[in-house]
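Asks: Numbering (our numbering), first residue to last: 13 to 258.
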């Protein structure tokens, strides 16, 4: 009888091992002890080039607060620039140059953190804030004609500043960004998005008036025959950022 009981007793005390649980921890600046970041920005837009800076405040594993301050130019998308034989650039109907200083605050959130490697961190972001614009004349408009006559030369980019003025508006941005590399302390980023500027009073970018020749040496100014003030400036923006975190 004893041998017959042995298999039954062994079955009662058989130990089953638990399933192995694999804990996959996504590396982030937050869980590696980095809480702040500072970046240098290079901008490329429909209006030209720009530079700026970005401060990042790590709020969690996948969320950062961001503060952007940039410098760039604004223009009318209808502008066409021509270069003469001597290399001088002229933009027909242009009335003012605009330098813009957008200041934005917002959030960015990491997406697909558990699906994409840590050296290719994908973010979606949105920011908004005020924008300051410095507007100064494209040519000498001391006669207050609102249009450039054929005998008037255009200012170079460093002339006419004393005749300029400031205006304030609103700006915002939505974008997708990628942080590259496994070393969170040294960061390289690429950002592609759409940037919007709105000035409630509008800015006279192009000439408000036009003129007609009534004789070989005489012209007539046609008031209001030119372009309206422009309130909205929108552009695709590509941003390259280089910096570090601590």
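In this text, a Cβ means the ideal position worked out from N, Cα and C, and glycines have one as well.
Here the structure is a predicted model, which means the values were calculated and not measured.
In this structure, does DSSP put residue 258 in helix, strand or coil?
Replies: By one-based count along the chain shown, residue 258 stands at place 246. The answer is coil: DSSP assigns residue 258 none of H, G, I, E or B.
Asks: What number of angstroms, rounded off, separates the C-alpha of residue 35 from the C-alpha of residue 192?
Replies: Taking the chain shown and counting its residues from 1, the one referred to as residue 35 is at position 23. Taking the chain shown and counting its residues from 1, the one referred to as residue 192 is at position 180. With a pLDDT of 48 at residue 35, under the threshold of 50, the modelled position of that residue is not reliable, and no figure is offered here.
Asks: Identify, in the order they occur along the chain, each residue of the same chain with its Cβ nearer than 6 Å to the Cβ of residue 207, setting aside the five sequence neighbours on each side.
Replies: Within the chain shown, residue 207 is the residue found at index 195, counting from 1. In the same chain as residue 207, and ignoring 5 residues on each side of it, the C-beta atoms closer than 6 Å to its own belong to 185, 247, 249, in chain order.
Asks: Counting along the chain, where does the beta strand (DSSP E) carrying residue 173 start and finish?
Replies: For the purposes of this step, residue 173 is taken as residue 161 along the chain shown, with counting starting at 1. It is not in any beta strand (DSSP E) - residue 173 carries neither H nor E in the DSSP assignment.
Asks: Using 8 Å for Cβ pairs, my map puts residue 189 next to residue 123. What's the rounded Cβ distance?
Replies: Locating residue 189 in the chain shown gives position 177, where the first residue counts as 1. Locating residue 123 in the chain shown gives position 111, where the first residue counts as 1. Not confirmed; about 10 Å, so no contact.
Asks: By alpha-carbon positions, which one of 107, 178, 144 ends up nearest to residue 152?
Replies: For this step, residue 152 is matched to residue 140 along the chain shown. With distances taken between Cα atoms, residue 152 lies closest to 107.
Asks: Nearest CA to the CA of residue 121: which residue from 154, 179, 78?
Replies: For the purposes of this step, residue 121 is identified with residue 109 of the chain shown, where counting begins at 1. It is 78.
Asks: Can you say whether residue 95 is buried or exposed, counting buried as having 16 or more other CB atoms within 10 angstroms of its CB?
Replies: One-based indexing of the chain shown puts residue 95 at position 83. Burial call: exposed.
Asks: Buried or exposed: which applies to residue 114, given that a residue is buried once 16 or more other Cβ atoms fall within 10 Å of its Cβ?
Replies: Taking the first residue of the chain shown as 1, we reach residue 114 at position 102. Burial call: buried.
Asks: Between 81, 254, 161, which lies nearest to residue 232 when the distance is taken from Cα to Cα?
Replies: For the purposes of this step, residue 232 is taken as residue 220 along the chain shown, with counting starting at 1. Of 81, 254, 161, the smallest CA-CA separation from residue 232 is found for 161.
Asks: Please tell me whether residue 245 and residue 209 are closer than 7 Å, where the distance is taken between their beta carbons.
Replies: Along the chain shown, read from residue 1 onward, the residue named residue 245 stands at position 233. Along the chain shown, read from residue 1 onward, the residue named residue 209 stands at position 197. Going by C-beta atoms, residue 245 is nearer than 7 Å to residue 209.
Asks: Does DSSP put residue 114 in a helix, a strand or coil?
Replies: Within the chain shown, numbered from 1, the residue matching residue 114 stands at position 102. Shown here, residue 114 sits in a strand according to DSSP, grouped into three states.
Asks: Classify residue 241 as helix, strand or coil using the three-state DSSP reduction.
Replies: By one-based count along the chain shown, residue 241 stands at place 229. Residue 241 falls in the coil class under three-state DSSP.
Asks: Which value, in whole angstroms, describes the spacing of the CA atoms of residue 75 and residue 133?
Replies: Looking up residue 75 in the chain shown gives position 63. Looking up residue 133 in the chain shown gives position 121. Residue 75 and residue 133: Cα-Cα distance of roughly 12 Å.
Asks: I'd like the list of long-range same chain contacts for residue 58, defined as Cβ closer than 7 Å, with 5 residues on each side in sequence excluded.
Replies: Against the chain shown, residue 58 aligns to sequence position 46. For residue 58, same chain residues with a beta-carbon under 7 Å away, outside a window of 5 residues either side, are 89, 247, 248 in chain order.
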